[in-house]
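Residue numbering for the sequence shown follows numbering that gives the first Met the number 0, starting at 0 and increasing by one per position.
Notes to accompany the following structure.
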Amino acid sequence: MTELIILKLGGSVITKKKEDKAEINEEVLQRIASEISGAMKERKVSLMVVHGAGPFGHVPAREYGLDTGLRDNRQVKGFSITHHSMERLNLLVIDALRKSGLNAIEFQPSSVGILKNEKLVHFPTRALEGILRIGLIPVAYGDVLMDEEKGVGILSGDHLVPYLAKKLNASRVIIATDVAGIFDSDPKGNRNARLIPRINSENIGALSIGNSTTTDVTGGMQRKVRELLNLEIESEIISALEPGLVKKALLGERNIGTVIRK
Ligand code: ATP
Ligand code: IPE
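As structure tokens, this is what we get:
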């Protein structure tokens with residue numbers, strides 16, 4: 000199989016996460032789609048896209064307490080509402096990609112994946128491998144899943160990405176978010192925060208990585224970095240709000256954000 004890149008599009012980039020509104024950032028999304036399309040014309044790689052939820056997922060998930068397990072029947076309705084909202088977002092992302100000429104298709108996590116205490120324990124990938132092999136671009140997302148311990152649970156796109164990177168033997172993971180990378184403290188709260196060009200097992204302990212300031216039921220930046228650090232391959236957190244960086248990263252350029260490697 001050709002080299003596989005997994006690209007995560009953060010909820011903070013593609014949605015109005017800051018305003019807690021279940022709406023997309025249409026212009027940004029379309030620009031990113033055309034950057035992906037430009038890169039795919041210049042370089043032959045397999046690409047899997049995973050996107051976050053922003054308010055499309057976090058708001059209903061919190062309202063129905065889906066992040067704390069299944070306790071009552073009302074949450075079944077919440078499951079349906081939250082999943083449906085994520086499917087709407089997924090469709091908008093796929094529309095944007097297809098408008099840019101990319102052959103993107105939905106890959107729905109809740110119909111195949113199983114969690115155990117919020118950890119992904121089952122996610123069959125044979126179909127996914129075939130989809131990638133023929134050159135389609137599967138687009139998965141953070142979703143509500145069955146959880147063997149808690150009844151239901153939330154699968155974060157940030158948890159799915161490293162899982163798939165390992166299982167599908169990806170060569171690179173690119174996390175596109177709304178900040179330039181990882182800073183020595185939250186850049187949204189501290190204007191003097193400094194960008195950390197590289198994170199490894201030695202310097203991670205010294206960093207103050209907070210959670211996202213908006214409604215986020217899945218752990219924000221901190222969890223993202225820790226899971227990426229467990230991978231054997233390199234990953235990089237970049238800003239998708241700065242035009243051109245997603246394309247550069249897909250074309251193989253490095254050191255444009257924060258590189259994470261054991
Ligand atoms: P989503 O999780 O909705 O897909 P995302 O992946 O784009 O969104 P978040 O999980 O919201 O991103 O995390 C990004 C946020 O983390 C940034 O907007 C920033 O405010 C916050 N953050 C906290 N600490 C740090 C830090 N040390 N360096 C960089 N960002 C940080
Ligand atoms: C959360 O997904 C999914 C739901 C709340 C249903 P993510 O954890 O991937 O979302 P972001 O990245 O924080 O937006």
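The beta-carbon is built from N, C-alpha and C at its ideal position, and this holds for glycine as well.
Could you pull out every residue in the same chain whose Cβ sits closer than 8 Å to the Cβ of N102, ignoring the five residues on either side in sequence?
-> Non-local C-beta neighbours of N102 in its own chain, meaning closer than 8 Å and more than five positions away in sequence, comprise G134, L135, I136, ordered along the chain.
Start and end of the alpha helix (DSSP H) containing I133?
-> In the DSSP annotation of this structure, I133 is not part of any alpha helix (DSSP H), being labelled neither H nor E.
At 4 residues or longer, and completely inside the stretch 87-119: list those alpha helix (DSSP H) runs for me, N to C.
-> Within the stretch 87-119, not a single complete alpha helix (DSSP H) segment reaches 4 residues in length.
Between K261 and ligand 2, is the CB less than 8 Å from at least one heavy atom?
-> K261 Cβ: outside cutoff for every heavy atom of ligand 2.
Using only alpha-carbon positions, find the residue among T176, I181, V160, R97 that is nearest to N229.
-> Nearest C-alpha to N229: V160.
Between E86, D142, D183, which lies nearest to L119 when the distance is taken from Cα to Cα?
-> The option with the nearest alpha carbon to L119 is D142.
Note down the Cα distance separating N116 from E226, rounded to an integer number of angstroms.
-> Going from the Cα of N116 to the Cα of E226 covers about 16 Å.
Backbone secondary structure at S200 - three-state DSSP = Per DSSP, reduced to three states, the secondary structure at S200 is coil, with no helix or strand assignment.
What residues in its chain sit with their C-beta under 7 Å from that of F182, if we drop five residues either side in the sequence?
-> Listed in chain order, the non-local C-beta contacts of F182 below 7 Å within the same chain comprise A192, R193, L194, I195, local neighbours out to five positions each way being set aside.
Close-in-space but distant-in-sequence residues of the same chain around S36 (CB under 6 Å, 5 per side omitted) | The residues are S99, G100, L101.
G66 versus A60 - alpha carbon distance | It is Asp, not Gly, that sits at residue 66 in the sequence shown. Taking the CA atoms as reference points, D66 sits about 7 Å from A60.
Terminal residues of the continuous alpha helix (DSSP H) containing S170?
-> No alpha helix (DSSP H) contains S170, which DSSP labels as neither H nor E.
Neighbourhood of N254 by C-beta, 7 Å cutoff - its chain only, sequence neighbours within 5 removed | P196, listed in sequence order.
Within 8 Å: the Cβ of P186 and any heavy atom of ligand 1?
-> Ligand 1 has a heavy atom closer than 8 Å to the beta-carbon of P186.
For the alpha helix (DSSP H) that contains I232, what are its first and last residues?
-> Segment: none, I232 is in no alpha helix (DSSP H) and carries neither H nor E.
Keeping to the same chain, check which residues put their C-beta closer than 7 Å to that of V216; ignore five residues upstream and five downstream.
-> Note that V216 scores 47 on pLDDT, short of 50, meaning its location in the model is unreliable and no value can be drawn from it.
With a Cβ-Cβ cutoff of 9 Å, do I237 and A164 count as a contact?
-> Not a contact, by the Cβ cut-off of 9 Å.
Contacts around G10, its chain only, beta-carbon distance under 6 Å, and the 5 residues preceding and following it disregarded | If we look at G10 and ignore the five residues flanking it on each side, its Cβ neighbours are K16, G51, A52, G53.
Once you ignore the five residues that flank H121 on each side, which residues in its own chain have a CB closer than 7 Å to its CB?
-> If we look at H121 and ignore the five residues flanking it on each side, its Cβ neighbours are G112, I113.
Please name the residue, chosen from G188, T176, E147, N199, that lies closest to A248 on a Cα-to-Cα basis.
-> Checked all of G188, T176, E147, N199; the closest Cα to A248 is T176.
Coil, strand or helix - Y140 by DSSP | DSSP, reduced to helix, strand and coil, places Y140 within a strand of the structure shown.
Leaving out the 5 sequence neighbours to the left and right, which residues in its chain are closer than 8 Å to P93 when beta-carbon positions are compared?
-> A quick correction: the sequence has Ile, not Pro, at residue 93. Answer for I93: A103, I104, E105, V138, listed in chain order.
Residues in its own chain within less than 6 Å of R42 by CB, not counting five upstream and five downstream?
-> Cβ within range, chain order: L250.
Just to confirm, are I4 and A169 a CB contact at a threshold of 9 Å?
-> In contact: I4 and A169 (Cβ atoms closer than 9 Å).
To which residues of the same chain is G156 closer than 7 Å at the C-beta, ignoring the five residues directly before and after it?
-> Setting aside the 5 residues that flank it on each side, G156 is surrounded in the same chain by K7, V49, H50, G51, Y140, G141, each with a C-beta closer than 7 Å to its C-beta; the list follows chain order.
State the Cα-Cα distance for the pair S33 and T1, rounded to the nearest angstrom.
-> Rounded to the nearest whole angstrom, the CA to CA distance from S33 to T1 is 22 Å.
Cβ neighbours of I80 in the same chain (closer than 6 Å, five flanking residues each side left out) | If we look at I80 and ignore the five residues flanking it on each side, its Cβ neighbours are P59.
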